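If you read the sequences in order, they're chains A and B.
Residue numbers are given in UniProt numbering: position 257 of the first sequence equals residue 257, and the series is strictly consecutive.
Residue numbers are given in UniProt numbering: position 36 of the second sequence equals residue 36, and the series is strictly consecutive.
For each residue, glycine too, the CB sits at the ideal point set by N, CA and C.
These numbers come from a predicted model, not from an experiment.
Input: a single structure, listed below in structure tokens.
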Amino acid sequence: MRKRYVLIILCCLALHTAKAQDDLLQLAESSDSAATGLVTGTFKATRLANGHSVETNGAGVLLFLISHRFGTLNSGAYEFFGLDQATIRLGLEYGLTDRLNVGIGRSSLEKTYDGFLKYKLLQQRQGMGMPVTLTLFTSAAIRTLDWPQESGGNFDSKHRFSYTYQALLARKFTERLSLQLSPTLVHRNLVPTRHDDTDVYALGAGGRFKITKHTSFNAEYYYLLSSHTREDFRNALSLGFDIETGGHVFQLIFTNAQGMVEKFFVPQNTGYWSDGDIYFGFNISRVFDLKGKEKW
Amino acid sequence: MKPLLLLLFLLLWTQAQVLAQARYATKTGHIWFFSDAPLEDIEAHNHKVVSILDMSSGELVFSVPMNEFQFRKKLMQTHFNENYVESDKYPKASFKGKVVNIKEVNLQQNAAYKVRVQGVLNIHGRNKDIDTVGVLEVKDGRLLGKSTFSVTPQEFDIRIPRLVRNNIARRIDIYVDITYEPLKGNSL
Chain A
1 MRKRYVLIIL CCLALHTAKA QDDLLQLAES SDSAATGLVT GTFKATRLAN
51 GHSVETNGAG VLLFLISHRF GTLNSGAYEF FGLDQATIRL GLEYGLTDRL
101 NVGIGRSSLE KTYDGFLKYK LLQQRQGMGM PVTLTLFTSA AIRTLDWPQE
151 SGGNFDSKHR FSYTYQALLA RKFTERLSLQ LSPTLVHRNL VPTRHDDTDV
201 YALGAGGRFK ITKHTSFNAE YYYLLSSHTR EDFRNALSLG FDIETGGHVF
251 QLIFTNAQGM VEKFFVPQNT GYWSDGDIYF GFNISRVFDL KGKEKW
Chain B
1 MKPLLLLLFL LLWTQAQVLA QARYATKTGH IWFFSDAPLE DIEAHNHKVV
51 SILDMSSGEL VFSVPMNEFQ FRKKLMQTHF NENYVESDKY PKASFKGKVV
101 NIKEVNLQQN AAYKVRVQGV LNIHGRNKDI DTVGVLEVKD GRLLGKSTFS
151 VTPQEFDIRI PRLVRNNIAR RIDIYVDITY EPLKGNSL
């Protein structure tokens, strides 16, 4: 009996020693922060295709964005399949902080100026932490195209404005696959007819699938929820490729939306993909690091 | 029976004490690297390095969460994680090795000792044998460890596209600067 007692204690002692001499690397790896770190690089660019992605520019980073859409592919050989026509948007975006961005842009379509604010409220973490990235987006667009002569000057400057509000919710599921949901409200101070909605609700959805380290396939769909607008206009479907080369991202895009500002590509598309009303275009972005971090 | 039991408990207790005293560790170690290339200098700092040093055996380990390297430019940090070290696939770098001449270090006396470190460095899922020297300084019960060595991206199968070859140095210098505290108990 006594012998057994001693044996048990000896066993305990041996066990204890073994535990204490456990693999040091395992001990170190189990207590590092890799499992809870921030998830970065959900998307390559600040745009998925037409719409914004959850990505923001870092503090002090200025991004110059040239967006371009040709005419529709079905316009025939005479128009060189749309390449004879083009609309363009020139834009600048700036990171006030890593999370807060401001931007301005000017579209040739209806001579529209736009400005936006974008704030990354939540950022996805590895493991059991925050599962999604949430970015809030708001923009205002001003149409500066002269009113038609026959309108008789019954318009105020307030009629030139429209506003967009979005909650961009995304998750990087794997290194290759990221998906985003973009509930959207577009408010227009002036609509063409009494029948049109001033407030247009839409649900955007999209994602990217990385083909190589530097290229990805992107898709984006804006589904109209407002009834009248849904009857008269088409949902926007955009397919594209991202090609990243250092400080540039090239995005080649096929879409049935002509405009590059929310108030165009969400509520007022008339083209069908099935009829070939497809605009080919691209976004080219270049970043300039104006200051970088002083301490890091 | 009773003296034997007492003896066993005493043995157990002292053994635990010895083990606890032998280990030094940190979760906030500092590692940074520097790339000196014709077009630009790149420097990144990581203050979340976990390291444990066992003074009795000389065993030395590091675990380095790759996405904690902070760059001056955010885009560099993104490219580092996405395109080069592939942090999603290989979230940490590690080192498992030994301070070969650990017996020369006297914990009771404040002084700096030259040490030789040998082991295996794992980055991007690839192993490389490292044999380098460093300094281990005993200072009021703490240990300050410093070392510098260099590696090439190729050694770890990290491919640098031709387009940016002038932006990234062929050899990248790695600096290690760790302040170890005595490890109490068996967890960090």
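Alpha carbon of residue i to alpha carbon of residue j, nearest angstrom
i: A:G60; j: A:D98; result: 8 Å
i: B:V135; j: A:T46; result: 46 Å
i: B:E158; j: B:K96; result: What sits at residue 158 of chain B in the sequence shown is Ile, not Glu. Answer to the nearest angstrom: the Cα atoms are 21 Å apart.
i: A:F70; j: A:G76; result: 13 Å
i: A:G207; j: A:L48; result: 7 Å
i: A:S33; j: B:H45; result: 15 Å
i: B:A20; j: A:Q126; result: For B:A20, the predicted model reports a pLDDT of 48, less than 50, meaning its position is unreliable; a value from the coordinates is still stated below. Their backbone Cα atoms lie some 32 Å apart in a straight line.
i: A:V261; j: A:T270; result: 16 Å
i: B:S35; j: A:R160; result: 52 Å
i: A:P148; j: A:K293; result: 50 Å
i: B:F69; j: B:D173; result: 14 Å
i: A:Y113; j: A:F64; result: 15 Å
i: A:Y223; j: A:L25; result: 51 Å
i: A:L136; j: A:L92; result: 18 Å
i: A:T229; j: A:K210; result: 34 Å
i: A:D232; j: A:Y78; result: 29 Å
i: A:L27; j: A:G129; result: 21 Å
i: B:S147; j: A:D289; result: 32 Å
i: B:L163; j: B:E40; result: 14 Å
i: A:F116; j: A:V249; result: 21 Å
i: B:S63; j: B:I178; result: 12 Å
i: residue 360 of chain A; j: B:G125; result: Look at the range of chain A in this structure, 1 to 296, and you will see that residue 360 of chain A is not part of it.
i: B:V115; j: B:L53; result: 13 Å
i: residue 190 of chain B; j: B:Y180; result: No answer is possible for residue 190 of chain B: it lies beyond the span of chain B, which begins at 1 and ends at 188.
i: A:H195; j: A:F241; result: 37 Å
i: A:I88; j: A:K44; result: 21 Å
i: A:A275; j: A:K120; result: Checking the sequence, you will find Asp at residue 275 of chain A rather than Ala. Whole-angstrom Cα-Cα distance: 38 Å.
Same chain only: Cβ atoms within 7 Å of residue i, ignoring 5 sequence neighbours per side
i: A:G95; result: T56, N57, G58, A59, G60, V61, N101
i: B:R170; result: T152
i: A:R188; result: S162, T198, K263
i: A:L90; result: I66, G105, R106
i: B:A37; result: N166, N167, I168, A169
Other residues of its chain near residue i: CB distance less than 8 Å, five sequence neighbours each side excluded
i: B:I98; result: Checking the sequence, you will find Lys at residue 98 of chain B rather than Ile. So the list reads S57, G58, E59, L60, V117, Q118, G119, once near-sequence residues are dropped.
i: B:D140; result: N110
i: A:Y272; result: R234, N256
i: B:F71; result: I42, E43, A44, Q77, F80
Residue-level contact to chain C via CB, residue i, 7 Å cutoff
i: A:L24; result: Any reference to chain C falls outside this structure, whose protein chains are A and B.
Same chain, Cβ closer than 6 Å to residue i, neighbours up to 5 away in sequence not counted
i: B:K128; result: L121, E155
i: A:Y201; result: L185, L225, S226
i: residue 299 of chain A; result: Because chain A in this structure spans residues 1 to 296, residue 299 of chain A falls outside the shown range and cannot be described.
i: A:Q123; result: L38, T133
i: A:V287; result: V61, L63, G247
i: B:E137; result: A112, L144
i: A:F265; result: N50, A236, A257, G259
Residues of the region 176–207 of chain A with a CB closer than 8 Å to any CB of chain B: list them in chain order, please.
Hits within the stretch: zero.
Anything in the region 34–64 of chain A with a Cβ closer than 8 Å to a Cβ of chain B? List those residues in chain order, please.
Legend: CB atoms of the region 34–64 of chain A lying less than 8 Å from CB atoms of chain B belong to residues A34, A35, G37, L38, T40, G41, N57, G58, A59, V61.
Would you check if there are 3 or more beta carbon pairs closer than 8 Å linking the region 203–218 of chain A to the region 237–249 of chain A?
They touch, by the three-pair rule.
Inter-stretch contact at 8 Å, needing at least 3 Cβ pairs: the region 78–97 of chain B / the region 174–185 of chain A
In short, these stretches touch, since the Cβ pair count reaches three.
Segments assigned beta strand (DSSP E), at least 3 residues, entirely inside the region 88–112 of chain B:
The DSSP assignment places 92–99 as complete runs of the beta strand (DSSP E) inside the region 88–112 of chain B, in order along the chain (cut-off: 3 residues).
Give a yes or no on contact between the region 247–256 of chain A and the region 276–283 of chain A, applying the rule of three or more CB pairs nearer than 8 Å.
Yes: at least three Cβ pairs fall under 8 Å.
Does the region 25–32 of chain B touch the region 46–55 of chain B, meaning 3 or more C-beta pairs lie closer than 8 Å?
In this structure the region 46–55 of chain B touches the region 25–32 of chain B; the number of beta carbon pairs closer than 8 Å is three or more.
For the region 83–104 of chain B, which residues have a CB atom closer than 7 Å to at least one CB atom of chain A, in sequence order?
Taken in chain order, the members of the region 83–104 of chain B whose beta-carbon sits within less than 7 Å of a beta-carbon on chain A are N83, D88, K89, P91, K92, S94, K96.
Which residues, in chain order, does the region 210–240 of chain A contribute to contact with chain B at a C-beta distance below 8 Å?
Per Cβ criterion, the list reads K213, H214.
Please list the segments of the alpha helix (DSSP H) lying wholly inside the region 24–70 of chain A, counting only runs of 4 or more residues, in order along the chain.
Segments of the alpha helix (DSSP H) lying fully in the region 24–70 of chain A: 24–30.
What residues in the region 243–255 of chain A bring their beta carbon closer than 9 Å to a beta carbon of chain B?
Across the region 243–255 of chain A, CB contacts with chain B closer than 9 Å involve E244, T245, G246, G247, in sequence order along the chain.
Report the residues of the region 115–147 of chain A with a CB closer than 7 Å to any CB of chain B, ordered along the chain.
So nothing in the stretch comes that close.
Could you run through the region 82–96 of chain A and flag, in chain order, every residue whose CB is less than 7 Å away from some CB of chain B?
Within the region 82–96 of chain A, no residue places its CB atom closer than 7 Å to a CB of chain B.
Identify every run of the beta strand (DSSP E) within the region 219–284 of chain A, keeping only runs that are complete inside it and at least 3 residues long; order them along the chain.
The region 219–284 of chain A contains, as complete beta strand (DSSP E) runs of 3+ residues, the segments 236–245, 248–255 (chain order).
Length-filtered (3 minimum) beta strand (DSSP E) runs lying within the region 139–163 of chain A
Complete beta strand (DSSP E) runs here, min 3: none at all.
Along the region 33–51 of chain B, what residues have a CB closer than 7 Å to any CB found in chain A?
The region 33–51 of chain B vs chain A, Cβ under 7 Å: H45, K48, V50, S51.
Using Cβ-Cβ distances below 7 Å, what residues of the region 258–290 of chain A are close to chain B?
Here the close residues are V287, D289.
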